[in-house]
Structure formats: structure tokens, C-alpha cells
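Peer 1:
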Amino acid sequence: MDMFEEARAIEGTLALCKLTQKELARQMGVSQSYIANKLRLLGFSRETEEKIRSSRVSERHARALLRLNCEEKRVEILEKIISRSLTVRECEALVDAAAETDVPDIIGRADKRRRIDTFFDAVKRSVDTLSSLGVESRMTRSYYGNKVYLTIVIEEC
Numbered sequence: 000m001d002m003f004e005e006a007r008a009i010e011g012t013l014a015l016c017k018l019t020q021k022e023l024a025r026q027m028g029v030s031q032s033y034i035a036n037k038l039r040l041l042g043f044s045r046e047t048e049e050k051i052r053s054s055r056v057s058e059r060h061a062r063a064l065l066r067l068n069c070e071e072k073r074v075e076i077l078e079k080i081i082s083r084s085l086t087v088r089e090c091e092a093l094v095d096a097a098a099e100t101d102v103p104d105i106i107g108r109a110d111k112r113r114r115i116d117t118f119f120d121a122v123k124r125s126v127d128t129l130s131s132l133g134v135e136s137r138m139t140r141s142y143y144g145n146k147v148y149l150t151i152v153i154e155e156c
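Start counting the sequence shown at 0; every next residue gets the next number (numbering that gives the first Met the number 0).
This is how it looks when you write it as C-alpha cells:
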């Protein structure tokens, strides 16, 4: 049984037996992360899966490829892994470099708004944490035109 067949068997067992990953892991005598990592392999297209299967690259190589969002990039990196006989470490470095450029050039207005809100929430939590530790701090947002200005005031010690 190859890595993809095993992943599908795990997926089927979870669905059929209505188990959580943790429960199945306990029954199999493996960790929950083992189950999760197997299931991640199902994120490949069938074509890429076949290419991985036929090239006989390791499961760790395959999981590294999953960090890329773009299927074309995955295939491009996979071909480099195969042609250069890259180690897992070399593969991960190549994926890391490719992932830096795997960001969309243009994001939609709603997506941009969500990202900005997520950022503001993270900053707000940080300011709240400082305050809870006894450091006087506050954050304010102000709007001018289509710009949002974020001001953070922290009491100096």
C-alpha cells in the first residue's frame, strides 16, 4: 500500500466508523499528527499524485510540496526534485524559496479587508496583553480618506 492508498484508507475509516483523528490514532497505536499528515496527502490533484507515485519520491518530499498553494508550482518543484535527486532538506529549502513568491499579486477588496482586520485583531491582543501585565498601553484607529491610521501608545518604563 503506498502513501496515497493509506491516506484514502484512513479517510474512509474515519468516515465509516465516525471516529475523530485522535480516536483512530489511539486505536492504531500512532499519534494524531501521523493521521493528520497522512490525510494532508489527499490535497494533491490526481495528476500530481500519479507523478509523485511514479517518481517514487518520499512522503516527506510530498508533504513539503503541500506547503505550496499553486498546483503548477508543486509540479514544477516536483520535477526539480526528481531531476536533481534532491534530499528532503534540499526539497524543503526549494519549497520555502518558492513559497515566498507563491503570494497572489492582487487580492480582492473583501480579502484585503479580512487581512487588515486580522492584523488589527492581533495588534489589539498584543496591546491588551501588555495592559494585563501592568504596562499602560492603548491602541486607536483613525480614518482619513481611504487610509486607516493605527496609533499605539505604550507607557515608557
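Ideal Cβ placement from N, Cα and C applies to all residues, glycine included.
What's the C-alpha gap between residue 81 and residue 72?
Peer 2: Residue mapping note: residue 81 aligns to position 82 of the sequence shown, counting from 1. Residue mapping note: residue 72 aligns to position 73 of the sequence shown, counting from 1. Near 14 Å, if we compare the C-alpha coordinates of residue 72 and residue 81.
Peer 1: Under 6 Å Cβ to Cβ from residue 41, same chain only, skipping five residues before and after it: list those, please.
Peer 2: Here residue 41 is taken as the residue at index 42 of the sequence shown, counted from 1. The answer, listed in chain order, is 6.
Peer 1: In the structure shown, what three-state DSSP assignment does residue 199 receive?
Peer 2: Here the chain covers residues 0 to 156 and nothing more, so residue 199 does not appear.
Peer 1: Near residue 150, which residues of its chain fall below 6 Å by C-beta distance, leaving aside the five closest residues on each side in sequence?
Peer 2: Counting from 1 along the sequence shown, the entry for residue 150 is found at position 151. Closer than 6 Å at Cβ, skipping near neighbours: 139.
Peer 1: Alpha carbon to alpha carbon, what distance is there between residue 30 and residue 18?
Peer 2: Against the sequence shown, residue 18 aligns to sequence position 19. Against the sequence shown, residue 30 aligns to sequence position 31. The alpha-carbon of residue 18 is positioned some 14 Å away from that of residue 30.
Peer 1: Contact check, residue 87 vs residue 50 under 8 Å by CB: the rounded distance?
Peer 2: Reading the sequence shown from its first residue, position 88 is the one you call residue 87. Reading the sequence shown from its first residue, position 51 is the one you call residue 50. That pair is no contact at about 17 Å.
Peer 1: Assuming the contact rule is C-beta atoms closer than 8 Å, residue 63 and residue 2 should be a hit. Round their C-beta distance to whole Å, please.
Peer 2: To locate residue 63, count along the sequence shown from 1; it is residue 64. To locate residue 2, count along the sequence shown from 1; it is residue 3. Incorrect: roughly 13 Å between the Cβ atoms, too far for contact.
Peer 1: Kindly indicate which three-state DSSP category residue 149 falls into: helix, strand or coil?
Peer 2: Position 150 of the sequence shown holds residue 149. In this structure, residue 149 counts as strand in the three-state DSSP scheme.
Peer 1: Taking just the CA atoms, how far does residue 107 sit from residue 92?
Peer 2: Counted from its first residue, the sequence shown places residue 92 at position 93. Counted from its first residue, the sequence shown places residue 107 at position 108. Looking at the two C-alpha atoms, the distance is approximately 30 Å.
Peer 1: Need the endpoints of the alpha helix (DSSP H) that residue 110 sits in, please.
Peer 2: As a first step, residue 110 is located in the sequence shown; it is residue number 111 there, counting from the start. Per DSSP, residue 110 belongs to the alpha helix (DSSP H) from 108-131.
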